[in-house]
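Q: Take this structure, written in structure tokens, and hold onto it; I'll ask about it next.
Protein chains in written order, with this note's numbering: chain A, 1 to 529; chain B, 1 to 163.
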């Protein structure tokens with residue numbers, strides 16, 4: 001607080017493309033400067049808002065670094081600091097926050113120029129940060145606080161759900177917590193309904209964090225707005241989750257496209273995938289069961305020319321699927337229909353996988369359901385355009401281990417690739433959660449609206465997350481210096497400027513209370529009266 | 001030092017002082033072999049006081065015109081026979097609010113060592129301040145900027161003014 005609006009130094013050089021160099025005053029210690037902090041630059045006509053992206057040391061005379069003065073003498077050290085030796089900051093200005101007409105009328109504007117020479121640079125005040133990120137309201141959700149500040153950084157969720165988004169980070173850096181926060185945000189603000197493919201059963205009901213603390217999840221906080229679907233009834237029962245629906249998928253619901261996507265995981269040959277299309281064309285809906293029942297190529301219906309080896313390869317692969325317990329020859333209820341019913345009512349659906357954390361099951365189910373849901377949304381949207389009725393509610397589908405769906409080989413085939421590219425046309429977007437972003441197709445990555453990334457240290461992962469970002473090299477230095485817990489870099493559509501946040505607390509009683517809207521809280525209180 | 005020559009007052013810094021005989025070329029003779037103290041020399045030959053003169057040289061570093069303090073050279077030199085006064089501490093303090101005069105000293109090619117002069121001057125000025133350390137640091141910083149191309153000179157001065 002005491003450092004608020006502290007003068008740091010002056011602009012000494014720079015360019016719009018590369019950002020500006022700031023020479024630190026002798027009163028500001030270079031050791032207090034942290035990459036990721038916000039500063040304001042008081043230009044002659046405009047005020048600029050930017051982030052520290054690098055810190056370096058300079059000397060006026062090279063001789064000084066060759067024959068360093070005796071800094072053990074405090075007097076000499078004090079004299080030299082800030083005069084002959086000084087710190088420099090690299091700041092990338094990203095917004096103009098006041099000074100011209102546009103900012104007065106429409107708020108902060110992207111920079112199109114840089115501050116003039118020797119403009120004064122100060123630490124951004126709470127007010128400046130609030131001005132840029134807005135305050136919490138019906139559209140904005142408080143996601144965390146900037147470094148060394150108490151101000152709230154708010155995410156514009158209305159903008160957020162309009163495009164596909166990504167949450168990235170190494171394992172154990174807080175992706176799940178962040179995703180939970182985002183889901184809560186969307187629930188709270190009602191900007192979209194969610195369908196979560198919950199591979200590790202963490203979003204619906206409580207789970208334990210790394211310290212072994214119980215952490216509540218969505219169904220417990222927003223019981224009326226969340227439905228938990230499960231593939232594994234037993235696991236859910238053991239964990240005392242109140243489930244709303246047990247998903248069973250009939251063999252007849254599996255289509256050749258679903259198998260094509262599983263080609264790698266099932267170890268199928270190209271020919272085997274070709275054969276699937278032929279078989280389904282011939283057998284119709286019951287193709288899977290019929291193919292499994294075939295004893296050899298001699299039993300193939302006439303006109304189908306499938307090689308013995310290919311058939312064996314295919315049958316082996318299909319048998320893996322057939323063994324999944326939630327696949328039944330005759331499903332009692334249509335899961336897709338049920339999910340859509342809930343979604344239409346504005347209830348968020350979390351699909352728990354229980355013990356089927358195997359990637360085959362995950363890809364199969366996620367792809368199968370999503371394709372159908374997407375098709376229905378597409379119809380709904382087209383009808384809405386034609387008949388001028390209300391379009392379906394925006395839907396956000398959360399997928400984990402996204403690189404399995406969106407890697408360059410399958411991204412063009414899977415529905416997730418399509419959704420990521422088509423963006424909001426059909427009101428369906430993705431929330432991609434992944435620890436290996438370099439595995440995701442670069443086309444998909446570049447289309448993502450907002451990216452939220454925790455610490456990543458693999459060079460390739462960092463590069464792929466930052467594709468299509470203008471000041472890539474600067475963000476790179478920020479990203480690689482994130483702490484491994486509770487810190488994330490947010491950039492893209494939903495925030496006006498890239499920002500490093502300390503994520504909002506999640507897990508304490510108070511934090512739960514903050515999530516629940518005030519009116520609802522009153523309702524609950526009334527219940528106790 | 002300053003002259004009081006209203007409306008123009010000149011400020012200067014003494015850089016040299018010497019006592020010589022009145023007649024140029026005539027050097028003083030050693031005396032006092034029979035005397036007990038130095039005072040006795042003058043007591044026994046009082047004419048000495050008239051035959052010797054003390055001179056000091058001053059480099060002008062600023063002036064005050066109509067109560068406005070300027071840290072650069074005055075429009076006119078001091079008049080002959082202007083009286084010269086020693087500045088009181090308050091005035092030293094007022095004058096040393098700005099270190100612009102240091103540049104004049106550094107660039108004035110004086111017959112004495114610049115480092116010695118500057119450090120002596122700053123040490124003296126610092127006595128007018130309650131917070132001597134702060135003044136010395138501020139002066140040091142100014143010198144560090146002025147002498148950024150001459151590290152050895154800077155080191156020499158800093159070594160003489162610290163403490």
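Note that CB positions come from ideal geometry on N, CA and C, so glycine has one too.
Identify the residues that DSSP records as bridge partners of residue 18 of chain B: which are they?
A: Here residue 18 of chain B is taken as the residue at index 18 of the second chain, counted from 1. BP columns for residue 18 of chain B point to B:55.
Q: Hey, out of B:144, B:74, B:22 and B:127, whose CA is closest to residue 76 of chain A's CA?
A: Walking along the first chain from the start, residue 76 of chain A turns up at place 76. Of B:144, B:74, B:22 and B:127, the residue nearest in Cα terms is B:144.
Q: Can you tell me where the alpha helix (DSSP H) holding residue 98 of chain A begins and where it ends?
A: Locating residue 98 of chain A in the first chain gives position 98, where the first residue counts as 1. Premise fails: residue 98 of chain A lies in the beta strand (DSSP E), 85-98, not in any alpha helix (DSSP H).
Q: Note down, in chain order, every chain B residue with its Cβ under 7 Å from the Cβ of residue 69 of chain A.
A: Taking the first chain and counting its residues from 1, one reaches residue 69 of chain A at position 69. The answer, in chain order, is 155.
Q: To the nearest angstrom, how far is it from the Cα of residue 275 of chain A to the Cα of residue 309 of chain A?
A: For the purposes of this step, residue 275 of chain A is taken as the residue at position 275 of the first chain. For the purposes of this step, residue 309 of chain A is taken as the residue at position 309 of the first chain. Whole-angstrom Cα-Cα distance: 11 Å.
Q: Residue 11 of chain B by DSSP, collapsed to three states: which one?
A: Residue numbering aside, residue 11 of chain B sits at position 11 when the second chain is read from its first letter. The answer is strand: DSSP assigns residue 11 of chain B an E or B state.
Q: Any beta carbon of chain A sitting closer than 8 Å to that of residue 145 of chain B?
A: Start at 1 with the first residue of the second chain, and residue 145 of chain B comes out as number 145. It does; some Cβ of chain A falls within 8 Å.
Q: Quick check on DSSP: helix, strand or coil for residue 326 of chain A?
A: Stepping through the first chain from its first residue, residue 326 of chain A is reached at position 326. Note: residue 326 of chain A maps to coil in three-state DSSP.
Q: Does the segment 484-503 of chain A come close enough to the segment 170-177 of chain A to have 3 or more Cβ pairs within less than 8 Å?
A: The segment 484-503 of chain A is in contact with the segment 170-177 of chain A.
Q: For residue 110 of chain A, which of helix, strand or coil comes out of DSSP?
A: Residue 110 of chain A sits at position 110 when you count from the first residue of the first chain. Residue 110 of chain A: strand per DSSP, three-state reduction.
Q: Tell me which residues share the same chain as residue 198 of chain A and place their Cβ nearer than 7 Å to its Cβ, disregarding the 5 neighbours each side in the sequence.
A: Indexing the first chain from 1 puts residue 198 of chain A at position 198. Hits under 7 Å: 204, 350, 351, 352 and 353.
Q: Going straight from the alpha carbon of residue 30 of chain B to that of residue 41 of chain B, what length do you get?
A: For the purposes of this step, residue 30 of chain B is identified with residue 30 of the second chain, where counting begins at 1. For the purposes of this step, residue 41 of chain B is identified with residue 41 of the second chain, where counting begins at 1. One C-alpha to the other measures close to 10 Å.
Q: Could you tell me which chain B residues have their CB closer than 7 Å to the CB of residue 61 of chain A, listed as they occur along the chain?
A: Here residue 61 of chain A corresponds to residue number 61 of the first chain, with the count starting at 1. What residue 61 of chain A touches in chain B: 148, 149 and 151.
Q: Find the residues of chain A that neighbour residue 123 of chain B, judging by a C-beta separation of less than 7 Å, and give them in chain order.
A: The residue given as residue 123 of chain B occupies position 123 in the second chain. Chain A residues near residue 123 of chain B: none, gap ~13 Å exceeds 7 Å.
Q: Assuming residue 51 of chain B and residue 21 of chain B form a contact by the criterion Cβ under 8 Å, report the distance between their Cβ atoms to the nearest whole angstrom.
A: Here the question's residue 51 of chain B lines up with position 51 in the second chain. Here the question's residue 21 of chain B lines up with position 21 in the second chain. Confirmed, about 6 Å.
Q: According to DSSP, simplified to helix, strand and coil, what is residue 135 of chain B?
A: Taking the first residue of the second chain as 1, we reach residue 135 of chain B at position 135. Helix at residue 135 of chain B.
Q: Counting only runs that start and end within the segment 451-481 of chain A, where is the beta strand (DSSP E) found for 3 or more residues in a row?
A: As far as the segment 451-481 of chain A is concerned, it has no whole beta strand (DSSP E) run of at least 3 residues.
Q: Taking the Cβ atom as the reference point for each residue, do residue 227 of chain A and residue 342 of chain A lie within a distance shorter than 8 Å?
A: Within the first chain, numbered from 1, the residue matching residue 227 of chain A stands at position 227. Within the first chain, numbered from 1, the residue matching residue 342 of chain A stands at position 342. Yes, the pair counts as a contact, with Cβ atoms nearer than the cut-off.
Q: So, for residue 515 of chain A: in the same chain, excluding its five sequence neighbours on each side, which residues have a beta-carbon less than 7 Å away from its beta-carbon?
A: As a first step, residue 515 of chain A is located in the first chain; it is residue number 515 there, counting from the start. Cβ within range, chain order: 184, 188 and 221.
Q: Under a Cβ-count criterion, where at least 16 other Cβ atoms within 10 Å of its own Cβ denotes burial, should residue 305 of chain A be classed as buried or exposed?
A: Indexing the first chain from 1 puts residue 305 of chain A at position 305. Answer is exposed; the Cβ neighbour count stays below 16.
Q: Got a sec, what are the start and stop residues for the alpha helix (DSSP H) residue 386 of chain A sits in?
A: Position 386 of the first chain, counted from the first residue, corresponds to residue 386 of chain A. Where residue 386 of chain A is concerned, the enclosing alpha helix (DSSP H) stretches over 359-387.
Q: Measuring only between beta-carbons, confirm whether residue 141 of chain B sits less than 8 Å from chain A.
A: Within the second chain, numbered from 1, the residue matching residue 141 of chain B stands at position 141. True, the Cβ-Cβ gap to chain A drops below 8 Å.
Q: Is the shortest distance between the beta-carbon of residue 1 of chain A and the beta-carbons of chain B less than 8 Å?
A: The residue labelled residue 1 of chain A in the question sits at position 1 within the first chain. Interpretation of residue 1 of chain A is limited by its pLDDT of 39, a score under 50 that renders its predicted location unreliable; the figure taken from the coordinates is listed afterwards. No, residue 1 of chain A does not count as interfacial toward chain B.
Q: Helix, strand or coil for residue 347 of chain A per DSSP?
A: Here the question's residue 347 of chain A lines up with position 347 in the first chain. The answer is coil: DSSP assigns residue 347 of chain A none of H, G, I, E or B.
Q: So, using beta-carbon positions, are residue 395 of chain A and residue 453 of chain A closer together than 8 Å?
A: On the first chain, residue 395 of chain A is found 395 positions in, with the first residue counted as 1. On the first chain, residue 453 of chain A is found 453 positions in, with the first residue counted as 1. Contact: no.
Q: Distance check for residue 119 of chain A and residue 100 of chain B, CA to CA, integer angstroms please.
A: Indexing the second chain from 1 puts residue 100 of chain B at position 100. Indexing the first chain from 1 puts residue 119 of chain A at position 119. So the two alpha carbons sit approximately 23 Å from each other.
Q: Going along chain B in order, which residues have a C-beta closer than 7 Å to the C-beta of residue 80 of chain A?
A: On the first chain, position 80 is the one that residue 80 of chain A refers to. Residues of chain B passing the Cβ test: 144.
Q: Measure how close the beta-carbons of residue 48 of chain A and residue 38 of chain A come, nearest whole angstrom, since I'm counting them as under 8 Å.
A: Here residue 48 of chain A refers to the residue found at position 48 when the first chain is read from its first residue. Here residue 38 of chain A refers to the residue found at position 38 when the first chain is read from its first residue. Going by Cβ atoms, the distance from residue 48 of chain A to residue 38 of chain A rounds to 11 Å, so no, they are not a contact pair.
Q: What are the residues that DSSP puts in a beta bridge with residue 28 of chain B?
A: Against the second chain, residue 28 of chain B aligns to sequence position 28. Residue 28 of chain B pairs with nothing; no bridge assigned.
Q: Quick one: which chain B residues come within Cβ less than 9 Å of residue 75 of chain A?
A: Numbered from its first residue, the first chain carries residue 75 of chain A at position 75. Residues of chain B passing the Cβ test: 133, 136, 137, 140, 158, 161, 162 and 163.
Q: Going by the beta-carbon positions, is the gap between residue 121 of chain A and residue 151 of chain A smaller than 8 Å?
A: Taking the first residue of the first chain as position 1, residue 121 of chain A is located at position 121. Taking the first residue of the first chain as position 1, residue 151 of chain A is located at position 151. It is not a contact, given that the beta carbons lie outside the stated cut-off.
Q: Among A:443, A:448, A:290 and A:331, whose alpha-carbon lies nearest the alpha-carbon of residue 319 of chain A?
A: Translated into the one-based positions of the first chain, residue 319 of chain A becomes position 319. Closest option to residue 319 of chain A, Cα to Cα, is A:290.
Q: Count the C-beta pairs between the segment 77-89 of chain B and the segment 101-119 of chain B that are closer than 8 Å, then say yes if the count reaches three, no if not.
A: They do not touch, by the three-pair rule.
Q: So which residues of chain B does residue 83 of chain A contact, with C-beta pairs closer than 9 Å?
A: In the first chain, counting from the first residue as 1, residue 83 of chain A sits at position 83. Near residue 83 of chain A (Cβ distances below 9 Å), the residues of chain B are 140, 141, 142, 143, 144, 145 and 148.
Q: Between the C-alpha atoms of residue 294 of chain A and residue 260 of chain A, what's the straight-line distance to the nearest angstrom?
A: Against the first chain, residue 294 of chain A aligns to sequence position 294. Against the first chain, residue 260 of chain A aligns to sequence position 260. Using only the alpha carbons, I get a separation of about 20 Å.
Q: Nearest to residue 346 of chain A by CA position, among A:224, A:323, A:235 and A:359, is which residue?
A: For the purposes of this step, residue 346 of chain A is identified with residue 346 of the first chain, where counting begins at 1. Of the candidates A:224, A:323, A:235 and A:359, the one whose C-alpha sits nearest the C-alpha of residue 346 of chain A is A:224.
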